[in-house]
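Written below as structure tokens is the structure these notes are about.
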């Protein structure tokens, strides 16, 4: 029998996944097939004294956690019973030559229509750690999301002290109103939609919010034991600080890649990113708040309220009041830059950092906020966003299908390798000539070529930090800095030995990030800002990676049940 979503945390209880229990998910050393049934359905959920219908998977918010081992095959049948078209992205899974299972609507597939189903069938190859899944159409990932836990192969230890227990923590956002209606209202006016009303930890805002006594997540720990927290940021628009009162954390993994361990009082995690930390239960037995709050270092309105969960020592009564952690200030740029500077790949014999040292293709991409003509909007314009001054236009046919079947007229392969005009990208705010060109323009990349991509923030309207996610790949963040990227001086400062390897990079406010990857995964791979607001405004493009010469180096044929548009 196919499980309805498999294992996940038990809502509303002081529950902790003991590592031995998690290990029972797969008892065999050989690769297994894990099957899941995802029923997308509307469920009534109450938060902050207010009930509303939301789109869920299997009636759960957040959705079920996917468990697998490195080397497993995962088969997930998604049946759509909701009123919206649906697609689901398995964020961070590389999907080698199998973009049909990647999930972004109109990029690698047409969405699953109401009353229809689609099977996502993929192998977990060469990856282990914490990732996550989410809806990849409209703003439906506000409630349609969950964690992915990939355990190491049997007999393969973690490269850090074995935890006594572990817990998934997924951060999100909550709106009082219907999110899709709120977004439509904003789009109709050409303005940003209303910000969220709360942040959540495992779907719960915590006791600092009204009517939240029942809506507080808690985990129980035992004195002297150590615990692995598997953390994912599923928030739509906010980078988040996270800390545990009375406890430090040891960072051991980011985006399902092991890191050189380091200890910190707080972490910074952008939308789309995951982080694993060890927490030692060595403080005085009590109840301690775990807390999240946004990082925003420019004067842009955000939901700045603090969401909390509770870390509770065994035997301590619920009447003991928890203490709050000392989170960094909301605009603490120095902490953000210093924290990201500490992230380093493990780079050992078993887990090497295979950084491309020679670059075949250099790309320079500017991030811009701008305006588009909108006669019905406020001031006759709507806010838009662009890469190299191109606002991406979503197609009505899946790009991968158009590429594979050579369907003409869906996209062009002429996305420029650099912006149309160089300027002082991070100087004084630019408020003139903010109109962009529009098109479904992709960048074609030769198979197995090495790519360096510099992502430059600009002060078009405003500087802002942007988390950029590349589908189908991990990449190495070889450099980052504030101000304008200097091609003559900055590459000399690159870390080409043990840079962090990840799938989502936070481009700093008024700064740049340089990433490198080898284009060895054929297909069409989405590249976009993981702030849902900016993605909807057009801050996205895609790479067409050509087939290689080998028989296993070409995009596989599409599955028979691939949805049609």
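Residue numbers (mature numbering (1 follows the signal peptide of the UniProt record, and there is no 0)): -24 to -1, 1 to 541. Beta carbons: idealized from backbone N, C-alpha and C, even for Gly. Predicted model only: the values in this text are computed from it and were never measured.
* Asked: Along the chain, which unbroken stretches of the beta strand (DSSP E) at least 3 residues long are found entirely within the stretch 466 to 513?
  -> Within the stretch 466 to 513, the complete beta strand (DSSP E) runs of at least 3 residues are 480 to 483, 487 to 494, 499 to 505.
* residue 477 to residue 331 span [Cα, whole Å] -> Within the chain shown, the letter at position 501 stands for residue 477. Within the chain shown, the letter at position 355 stands for residue 331. C-alpha separation (whole angstroms): 9 Å.
* Using the Cα positions of residue 371 and residue 242, report the straight-line distance between them to the nearest angstrom. => For the purposes of this step, residue 371 is identified with residue 395 of the chain shown, where counting begins at 1. For the purposes of this step, residue 242 is identified with residue 266 of the chain shown, where counting begins at 1. Spanning the two alpha carbons is a distance of roughly 41 Å.
* Is residue 232 near the ligand NAD, in the sense that its beta carbon is under 8 Å from a heavy atom of that ligand? -> Here there are no bound small molecules, and the ligand NAD is not part of this structure.
* Asked: Taking C-alpha atoms, which residue in 522, 118, 341, 348 lies nearest to residue 433?
  -> In the chain shown, residue 433 corresponds to position 457, counting from 1. Answer by Cα proximity: 341.
* CA-to-CA distance, residue 379 to residue 527, given in whole angstroms -> Translated into the one-based positions of the chain shown, residue 527 becomes position 551. Translated into the one-based positions of the chain shown, residue 379 becomes position 403. Each residue's Cα considered, the two are about 18 Å apart.
* Asked: Can we say the stretch 485 to 492 touches the stretch 439 to 459, given the rule of at least three CB pairs closer than 8 Å?
  -> Short answer: they touch.
* Where residue 36 and residue 17 are concerned, what is the direct C-alpha to C-alpha distance, given to the nearest angstrom? -> Position 60 of the chain shown, counted from the start, is the residue given in the question as residue 36. Position 41 of the chain shown, counted from the start, is the residue given in the question as residue 17. Going by the C-alpha atoms only, they are around 9 Å apart.
* Between the Cα of residue 318 and the Cα atoms of 462, 188, 236, 116, which residue gives the shortest distance? -> Reading the chain shown from its first residue, position 342 is the one you call residue 318. The shortest C-alpha to C-alpha distance from residue 318 to any of 462, 188, 236, 116 is the one to 236.
* Between residue 253 and residue 206, what straight-line distance do the alpha-carbon atoms span, to the nearest angstrom? -> What you label residue 253 is simply residue 277 of the chain shown in a count that begins at 1. What you label residue 206 is simply residue 230 of the chain shown in a count that begins at 1. So the two alpha carbons sit approximately 7 Å from each other.
* Out of 20, 27, 62, state which residue places its alpha-carbon closest to the alpha-carbon of residue 538. => Against the chain shown, residue 538 aligns to sequence position 562. Ranking 20, 27, 62 by Cα distance to residue 538 puts 62 first.
* Does the stretch 25 to 41 come within contact of the stretch 65 to 75, defined as at least 3 CB pairs closer than 8 Å? -> They do not touch, by the three-pair rule.
* Asked: Can you tell me whether residue 267 is buried or exposed, with buried defined as 16 or more other CB within 10 angstroms of its CB?
  -> Counting from 1 along the chain shown, the entry for residue 267 is found at position 291. Under this definition residue 267 is a buried residue.
* Asked: If you draw a straight line from the C-alpha of residue 353 to the C-alpha of residue 166, how long is it?
  -> Here residue 353 refers to the residue found at position 377 when the chain shown is read from its first residue. Here residue 166 refers to the residue found at position 190 when the chain shown is read from its first residue. Answer to the nearest angstrom: the Cα atoms are 5 Å apart.
* Opposing strand residues paired with residue 252 [DSSP bridges] -> Taking the first residue of the chain shown as 1, we reach residue 252 at position 276. BP columns for residue 252 point to 206, 229.
* Is the number of C-beta pairs between the stretch 125 to 145 and the stretch 99 to 109 that are closer than 8 Å three or more? -> Because the criterion of three Cβ pairs below 8 Å is met, the stretch 125 to 145 and the stretch 99 to 109 touch.
* To do: Using three-state DSSP, classify residue 264 as helix, strand or coil.
  => Taking the chain shown and counting its residues from 1, one reaches residue 264 at position 288. Note: residue 264 maps to strand in three-state DSSP.
* Asked: Anyone know if the C-beta pair for residue 292 and residue 192 falls short of 9 Å?
  -> By 1-based counting over the chain shown, the position of residue 292 is 316. By 1-based counting over the chain shown, the position of residue 192 is 216. For the 9 Å CB-CB criterion, residue 292 and residue 192 do not form a contact.
* Which partner residues does residue 110 have in the DSSP bridge list? -> As a working note, residue 110 is residue 134 in the chain shown. Bridge partners of residue 110: 65, 121.
* Going by alpha carbons, who is nearest to residue 410 out of 367, 427, 84? -> Translated into positions along the chain shown, residue 410 becomes position 434. Ranking 367, 427, 84 by Cα distance to residue 410 puts 367 first.
* **Selection from 153, 132, 93 that minimises the alpha carbon distance to residue 47** => On the chain shown, residue 47 is found 71 positions in, with the first residue counted as 1. Considering only alpha carbons, the answer is 132.
* To do: Measure the alpha-carbon distance for residue 301 versus residue 311 and round it to whole angstroms.
  => Mapped onto the chain shown, residue 301 falls at position 325. Mapped onto the chain shown, residue 311 falls at position 335. Residue 301 and residue 311 have their C-alpha atoms some 16 Å from each other.
* Asked: So which of 496, 277, 187, 118 has the shortest CA-CA distance to residue 158?
  -> Along the chain shown, one-based indexing puts residue 158 at 182. It is 118.
* DSSP bridge partner residues for residue 312 (one or two, in chain order) -> Translated into positions along the chain shown, residue 312 becomes position 336. According to DSSP, which records beta bridges pairwise, residue 312 is partnered with nothing at all.
* Asked: Going along the chain, which residues of its own chain have a beta-carbon closer than 8 Å to the beta-carbon of residue 522, five neighbours each way excluded?
  -> Locating residue 522 in the chain shown gives position 546, counting from the first residue. Here residue 522 has 420, 421, 422, 423, 498 as same chain residues with Cβ atoms under 8 Å from its own Cβ, once five neighbours each way along the sequence are excluded.
* Asked: Does the stretch 383 to 403 come within contact of the stretch 72 to 88, defined as at least 3 CB pairs closer than 8 Å?
  -> No, because fewer than three Cβ pairs between the stretch 383 to 403 and the stretch 72 to 88 fall closer than 8 Å, the two stretches do not touch.
* Asked: Quick one: Cα of residue 224 to Cα of residue 90, how far?
  -> In the chain shown, the residue the question calls residue 224 occupies position 248. In the chain shown, the residue the question calls residue 90 occupies position 114. When rounded, the distance between both Cα atoms is 46 Å.
* Specify the secondary structure class of residue 150 as computed by DSSP and reduced to three states. => Locating residue 150 in the chain shown gives position 174, where the first residue counts as 1. Of the three classes helix, strand and coil, the one that applies to residue 150 here is strand, per DSSP.
* Would you list the residues sitting across from residue 287 in a DSSP beta bridge? => The residue you call residue 287 lines up with position 311 of the chain shown. According to DSSP, residue 287 bridges with 195, 264.
* Tell me whether residue 422 sits in a helix, a strand or coil according to DSSP, three-state version. => Within the chain shown, residue 422 is the residue found at index 446, counting from 1. Of the three classes helix, strand and coil, the one that applies to residue 422 here is coil, per DSSP.
* Going along the chain, which unbroken runs of the beta strand (DSSP E) with 3 or more residues stay wholly within the stretch 28 to 72? -> Counting only runs of 3 or more, we get 42 to 45, 49 to 56, 64 to 67.
* Pick out whichever of 212, 54, 232 has its Cα sitting closest to the Cα of residue 171. => The residue labelled residue 171 in the question sits at position 195 within the chain shown. Nearest C-alpha to residue 171: 212.
* Separation of residue 186 from residue 264, as counted between CA atoms -> Along the chain shown, read from residue 1 onward, the residue named residue 264 stands at position 288. Along the chain shown, read from residue 1 onward, the residue named residue 186 stands at position 210. Residue 264 and residue 186 have their C-alpha atoms some 19 Å from each other.
* Simplified DSSP assignment, three categories, for residue 13 -> As a first step, residue 13 must be located in the chain shown, where it is residue number 37. Secondary structure of residue 13 (DSSP, three-state): strand.
* **Euclidean distance between Cα positions of residue 399 and residue 99** => To locate residue 399, count along the chain shown from 1; it is residue 423. To locate residue 99, count along the chain shown from 1; it is residue 123. CA-CA distance, residue 399 to residue 99, rounds to 45 Å.
* Asked: First and last residue of the beta strand (DSSP E) that includes residue 156?
  -> Locating residue 156 in the chain shown gives position 180, counting from the first residue. Premise fails: residue 156 lies in the alpha helix (DSSP H), 155 to 165, not in any beta strand (DSSP E).
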